[in-house]
Every structure is written in structure tokens, then in C-alpha cells.
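In what follows, a structure is listed as C-alpha cells, so that the remarks can point back to it.
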Amino acid sequence: MAEQFQEPVVEQIYTLNLGPQHPSTHGVLRVLLDLDGEFIIKADPVIGYGHRGHEKMAENRTYKQFMPNSSRMDYLSGLLYNHGFVLAVERFAGVEVPERAKYIRVICAELNRISSHLLWFGTYIMDLGGFTPFLYCFDDRENILDILDRVTGSRLTYSYCRFGGVNRDLDGEFISMTRAFIERLRSRWTDYHNLVTKNVIFIHRTRDVGVITPELARQYGVVGPNLRACGIPFDVRKSEPYEVYDRFDFVIPTGTKGDALDRYNVRLEEMEQSCRIIEQALDQLPEGPHINEVAPFKVKPPRGEIYFAFESARGLTAYYLVSDGSPYPYRCHIRVPSFGNLQVLTEVFRGTLVADAISILGSIDVVIPEIDR
Amino acid sequence: MGSEMASDWIRIIVGLIIVLAFSQLNALFLVWLERKVAGHIQLRYGPMEVGPHGILQTIADGIKLVGKELITPLSADWKLFVIAPVLVFMPVLVAFLVLPFDENLVIRDMNLGVLLIFAFSTLSVLAILAGGWAANNKYALLGAIRSVAQNVAYEIPLLLAVLSVALMTQSLRFSEIVAAQCRVWFIFLQPVAGLIFLICATAETNRAPFDIPEAESELIAGFHTEYSGMRFGLFFLAEYTNMFIVSAVATALFFGGWHGPFGFSFGLPGIVWFLLKVYILLFVIMWVRWTFPRVRFDQLMNFSWKVMLPLSLLNLIVTAAVLKFI
Amino acid sequence: MSYWKEIIEGGWSLVEGMRVTVRRLVRPVVTVQYPRKQLTLSPAYRGHIEFKVFPEIGTHRCIACGTCQRTCPSGVIKVQGVKDHARAPKVATHYMIDFTRCSLCGLCVECCPTQTLKYSTEYQLEEESRWDGVYDLMARLEERRT
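Protein chains in written order, with the numbering used here: chain A, 425 to 797; chain B, -6 to 319; chain C, 9 to 154.
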């Protein structure tokens, strides 16, 4: 598209307020667009409509009390955030975790990652105007939610992980349901590929649209599937394995061009890799307690600070905790992946059409409450 | 003379009432059908509550729409704003004049019937432009601009496709075109023209995957963003009636009108065959809508000018050559 | 030549897509007409909290220690208790939760030293006023016992 874009006549520029109440800004994002006809000259994302002050809240709560907050920042991968927070605090305070709990956490976290990617897949096609794949994805996602509901007791904001384990053990039903789900998801790929991936309209809407070059990605701190789509195989699960990720055999899918189609392919392949991780984890699942019974009731990390990074569904996420030795964190900062992913849009939007802007915004997969937090 | 005049008037009034009643009922039914088809394609029920299988749902929705306040934005050009929904419905009604439901069931069998339908259906884009412009909303304006560009682009291949049929029958009268298909439907003789007609007709009626004027994920609701209540309802009904008309025209031009397949009528009256085929085509249009993503605006234009237009021209030339030399 | 190839391949991909949707069209639906038909709840379902009734003593075992009150991140729990005489164990007399602000994390259930709290399985909670969301667990317990 860029070569068709010419320098605009200044008088013909007008401003379009895309959002915060627009059907495809995914939450409460507002993008100020300067348009020349349908070409975007300047894009300026405005954030902060969903600010709830989670970081400040953390300072007034004990570590345990902050746990439910962690899954409310990124509501689509709440368990992953939960998992990350618990891991950070455990490492900080030196809490032992039984082997079984580690595996349970990985299984549930990967299930959550699949559900997040499935939802992204559905909503992205909906941004492109295809409504039906959205509901097929929800049909599959419903399965994951049922599985997670069975073990965690809730469907969106799980609060499942505890310092030293998880709050409920897996049962045989869960394992058989998960295995059945993975089989079912694999049988659905052909349908999804026939319906979407091979579709000529879809390919034309995504190929060479919203190209993020590796340099641009590095400058803006783009992470997660968006970074891997540029061809940089960076995944915290591989580069700095936490939990038990170093015991599984999985590959990091990468793209070549960094356009929307690559991002789409990377995410689809990531779901398959998550399935593989879950299968291996289920095979290796050890017996034992699901929670460390002797974990301290009140977590009091020593004076100091910790930076703990993990891979959420949208990329590198990190908790930075400072402790003054009290049961309350002195400071809690959360590095969210969507922030960097969103900021790169100012560069990518330039010279594209409004329809492409929607496509790019969807393909980046931003979760606004996570940025505003 | 006087009695002739009177009978003429009675004819017109009766015809108008029938057309109005039919178009409204048909639109209500189509909205329900669309929701049902969409629902079942998406593995859900669709409307189920009002009436058996939700058949009365659209009537309930209509009553709700009538009861709603008609909001006119302060900065809107209110004259155009009010006229546009009426304007969009008028050409739709005129088109019913010449649709051949059966051999003798035509309100007025004109010798330029085909031309009349396309002439009037072009007017609906005027209404969309008026509505989008008058609302004074940026999304509506974008939708209106897109709509005009799209309709201009797709009108031409559409007419060229029709022209190749007209060449074969040497007539623009619907009854003669249909009568010529009593053995073999034109879709078998003119498959390319038929396909082009169907694609362009989908684009003409702003249906997915060509629904860029009202692309809800980009332009919220496109040209009818600011319309509320029954004014929105009129746009909505007009869209569905338009769908019916293009399907009916496609049936008459390519799918043998009131004739059964290959001259076998299986004892069914012509109107049953006609409506059956129209509703099958409508189903296909809905099926397409609930399957594909939306094409982008410039790709839509490219597709029209670079694929549809050359193909239809080529088809026309081949048809003309074959007719000339055989 | 690639022009024709693209048209034909593109057209075929569209037909493939339509085959997927029409196969779903004839398949049975997966949704449930909700108020008429209801799904079974997950055994781990977390509703608002509720007192357990211990059959041995026929009532709850809340000693009004206030651990749940202090642990609750949203501060929705208020518990009060009395001692019959100076050396008797404390017994809860009032237990209120403001369910409208509860975030269902389950910390109160886990921290309870006497294990007297459980999750209820109620989920159809419609109220007329925001104060209807404030539950008196004692009154609910009495209601269940009678």
C-alpha cells in the first residue's frame, strides 16, 4: 500500500476519532487518525480509559491479596498473569513448590494461552468482516473454559495459583477432558484452514499489511507473537525457562515478513505447540501434593527487589517487585506486552487505509485493560 | 373511456397494495430467514422465542422500531436526512412492476422491463449518498463515498452481463427472455455472465463480502450510523427487498423464471417455481455472507475493473460472435 | 497466465470455505436455550461463600476470629462474635458479606482455621437494589436449617 500513498494536500486532512466506543477497538482504545480520504496520515493512540490503578492497589495489599488483581489486568489470559505473579513472589520469598503443582500450573497456563489465541483468532476474523469463524472459535474455547472451570471453579478470572502450589488438584476427568479437547482441536484445523487461512479474501486482506520490520520491533519493544512474526525467535519460555518449560520439547514458530498474515500463522502454530506442551506435561505428570502445605501463611519477602519475566499470551510480561521486608510490596510495576505492541502502530498505520488499520489493530492483539491497568 | 380510466386506476391501486404488502412481508420473512441461516451456520438456534421458531421475531422488532424516537442530529441537513430513507424505498417498489412472477402474473409487462429495473435500482445509491452526506457524520460520509464508488464500478459489468442475455433473446422484455428458457436455462448457456451477474448483484445490494459501505467493524454502521427508529428500519427493509429483486431478476434472466428444470414442471404452477428459485438464490447470498470476510475497498475496485469488467466484455464479444456466425 | 490461475484458485478457495459452513449448517446446534434448559455446574464452581453445616454439632463452626475479614482483598466481609463467659470459645453472631464487591478469589475459604466456609452454587442472583447484594450468612444458615 505504501507506494500508492502520496503526500497529502494539507487542507484536505480531517481527523477521525476511532473509538473509544468503536466496535473494533477491543475495549476502550481511542486512536486519533488524521485522514486524507481513506488514507491515514497520522495515528495517535490514546490510552488510559480503563485505568484502575492496579500498581497502586498492590502497595496497599499483601502479596496474597494482590493475587486476584493479577488476573484482571489481561482478562483473556488471567491464569498466565496469575501464574507469573505467583512465580515472581515464590522466587522472591523462596517458597518451595511441589513438582505436581508445577506441572498443573503449566497445563492450565497453556490451556489458557490456547483459549486466548482462539479468542484472538475469532475476533480478528470478525474485524475483517467474517462473523462465522468467531463462533466456531467460541465453540472450541467453551471447551477450554469448561475444562478450566472444572478445576479452578471460574471461567475468566481464575485466581487459581497459590504461593506454593495451586488451590485444587486435578482429577482423572480433567485429564481425559483435556486429551479429548486436544484431539478435537487438531481435528478442527482443516476446517479453519479451509474457511480462513486459504481464503483468497483473507489472504489479500492480510498479506503485506502492517509490516513490522525487525528493527522497528526492537525499537518499540514489540514482543510475543508479533515479534516472532518478524523472524526473531524470542520466547521467554525458551530463552529463560521458568517453571518446568525446559523439560518439554516444543519449537518457537516464526514468520518471515512480519505482516498480518505472518502474525496469524505464528499464533495458529503456537496453539499447536501449546497442545504439544500440554500432552507432554500430562504424560509426565507426577504424583504428590498439589500445594506446599508448609508454605508460610503470610508471605514476607526479604528486603530487595526482583524482576521476573514470563511469557503471557501476548508476549514478554514482567513483574517488578520491591520489598521493604513488610508483607506489603513497596512497589509493584508490571511490564505489559500490549503497551509496546500498541505504540508501534503509530509507525505502522502511516499510509494505510482505514480498513487496513482495523486489520492491523486486530492482528497485533492488544488488550487495553492490560495497558491501562 | 371513463370506465377504462377507472379500471386502470383500480389496477394501479390494487397492484400498489399487493406490491407493498408483498415486499414488506417478504422483507420480514427474509430478516427472519437470515437470522435463522446465520444461527444454524454458527451452530446456534437464532431467534426462538417469539412465535414457533421465532417466526414472529421480526414483527416484534418492527414494532419496537416504530415505537422508537426518530433522532435527527443537530448538525444534520434535516431535509435530505428525512427524505433519504423514503428515497431508498421508492425504486424498490417500482422494480416490482415488471417482475415476471408467472406467465400472466406481471403487473406491467413492458418491452423495456430489464432496463427499467436497472435504471431504478441505480437510484438507491443516490439515497445512500444523500443519507450519508446529510447525517454529517464522518463514518456515514465515508460509507456513502464508498457506496457510490462501488455501485458505479459494479453497474457496468452487471449491465454487460445482462446485455449478453439480451443479445441472445433480442429482447429486453422479461416475458420473452423467460419464454426463451423453457428448455435450457441461460445459466447453462451463459455461465460466465450468470456468475458475473450474481457477484455484481451482491455488490450492488451491499451484501457481504462487498458490504464495505456499512462495514460494521470499520465504519460502525456506515451510511446509516445516525439513523434511528423506523428510518433505519426503512434502510433495512430496502436492503432485504433489494436482495429479493436482484434474486428475482437473476432467476428471470438466468434460471428460467417460472419454468421448471429442463421444461419439466412436475405439475407445480409457475409462481411456485419462480419463488422457489428466488429463495434458493437468496439462501446462497446469505450463505456467502456468513462465510467470507469483507474485501478491502481498493481490492473491491481492482476486482471490478480488472476482473469483472474484462471478463464480462470478453463474454459479450464471444456471445456476439457466436450469434453472428452460427 | 497467473491472472487466470489466481482467479481460479481464489474462486476454489471460496468454494472450499462455503463447504465448511454448509456442513455446519446441517449439524446439530451446540448452544442451549438457557432458561428452559440448564447445564450442570462444574463441581468446583465458586459462588458466594456460605456456612457449612457440620452434622455433629448441627451448625457452623465459625469462631469469629476475623481471619477472613483481614484476608479479603476487597474488604467485603464483616464478622462479629461473642463469648458466653470469659473462658468460653468465641462464637460468631453476625456474618455479612457484600457480594456486589466480592472478587471470588476464594482466599477466605482457604484461610479459615475451622474450615467452616464453602462456596455456594447459586448463580441466578438478581436483586432490585444494591443493598440486596449484602448477604447475611447467619440468616441464610437459619433458613437452610429450618
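Every residue gets a Cβ at the ideal spot worked out from N, C-alpha and C, and that includes glycine.
- Against Ser128 (chain C), chain A offers no close residue; the least beta-carbon distance is about 12 Å (beta-carbon pairs closer than 8 Å).
- Spanning the alpha carbons of Gln50 (chain B) and Gly44 (chain B) requires a straight line of approximately 7 Å.
- Our two residues, Phe216 (chain B) and Asn130 (chain B), have alpha carbons roughly 9 Å apart in a direct line.
- Distance from the Cα of Cys756 (chain A) is smallest, within the candidate group A:Pro522, A:Ala512, A:Arg738 and A:Thr439, for A:Ala512.
- At a cut-off of 4 residues, the continuous stretches assigned as alpha helix (DSSP H) that sit fully inside the region 256 to 283 of chain B are 263 to 282.
- For Val530 (chain A), DSSP records no beta bridge to any residue.
- As for any alpha helix (DSSP H) of minimum length 4 sitting wholly inside the region 543 to 619 of chain A, the runs are 556 to 576 and 596 to 616, ordered along the chain.
- Look at Asn618 (chain A): its C-beta is under 8 Å from a C-beta on chain C.
- When the beta-carbon positions are compared, Gln708 (chain A) and Val675 (chain A) stay at least 8 Å from each other.
- Residue range Gly728 to Ser736 is occupied by the beta strand (DSSP E) that includes Glu729 (chain A).
- In chain A, no part has a C-beta under 9 Å from the C-beta of Pro93 (chain B); the shortest such distance is about 34 Å.
- In the DSSP secondary-structure assignment, Arg454 (chain A) is bridged to A:Val470.
- Counting the other Cβ atoms within 10 Å of the Cβ of Asp573 (chain A) gives 16 or more, which makes it buried.
- With fewer than three CB-CB distances shorter than 8 Å, the region 127 to 147 of chain B does not count as touching the region 165 to 182 of chain B.
- By the C-beta density criterion, Asp659 (chain A) is buried, having at least 16 other C-beta atoms within 10 angstroms.
- Residues Leu63 and Pro78 of the same chain have their beta carbon placed closer than 7 Å to that of Arg224 (chain B), with the five preceding and five following residues left out of the count.
- Sequence-ordered contacts of the region 31 to 43 of chain C with chain A read Val38 [C-beta pairs closer than 7 Å].
- Using a 10 angstroms sphere on the CB of Pro93 (chain B), the tally of other CB atoms reaches 16 or more, which defines it as buried.
- Annotated three-state conformation of Ser210 (chain B) is helix, per DSSP.
- Secondary structure at Asn441 (chain A): strand, using DSSP grouped into helix, strand and coil.
- With respect to the 8 Å criterion, Phe773 (chain A) and Ala467 (chain A) are classified as neighbours on the basis of their beta carbons.
- At a Cβ-Cβ threshold of 8 Å, Thr556 (chain A) and Ile34 (chain B) count as neighbours.
- Listed along the chain, the chain B residues whose CB falls inside 8 Å of the CB of Ile15 (chain C) are Val300.
- Near chain B, meaning a CB-to-CB distance below 7 Å, the residues of the region 624 to 640 of chain A are Ile625, Phe626, His628 and Arg629.
- Beyond the five residues adjoining it in sequence on each side, Tyr582 (chain A) comes within less than 7 Å, by CB distance, of Ser495, Gly502, Leu503, Asn506, Leu572 and Thr576 in the same chain, given in chain order.
- Taking 8 Å as the threshold, the shortest C-beta distance from Arg37 (chain B) to chain C falls below it.
- For Ser448 (chain A), the residues of chain B that pass the 8 Å Cβ criterion are Ser210 and Glu211, in the order they occur in the chain.
- Excluding sequence positions up to five before and after Tyr584 (chain A), its CB lies within less than 7 Å of the CB of Leu503, Asn506, Cys532, Thr576, Val590 and Asn591, all in the same chain and listed in chain order.
- Distance from the Cα of Arg139 (chain B) is smallest, within the candidate group B:Ala123, B:Trp2 and B:Leu26, for B:Ala123.
- Counting along the chain, the unbroken alpha helix (DSSP H) around His628 (chain A) starts and ends at Val624 to Thr630.
- If you draw a 10 Å sphere on the C-beta of His68 (chain C), you find 16 or more other C-beta atoms in it, and that means buried.
- The DSSP assignment places complete alpha helix (DSSP H) segments of no fewer than 4 residues inside the region 169 to 200 of chain B at 179 to 182 and 184 to 197, in order along the chain.
- Phe285 (chain B) belongs to the set of residues whose beta carbon lies under 8 Å from a beta carbon in chain A.
- Per the DSSP secondary-structure output, Leu745 (chain A) pairs in a beta bridge with A:Ile730 and A:Cys756.
- About 6 Å separates the CB atoms of Ser747 (chain A) and Pro753 (chain A); that is less than 8 Å, so the two are in contact.
- In the assembly as shown, Tyr731 (chain A) is an exposed residue. Its beta-carbon has fewer than 16 other beta-carbons within 10 Å.
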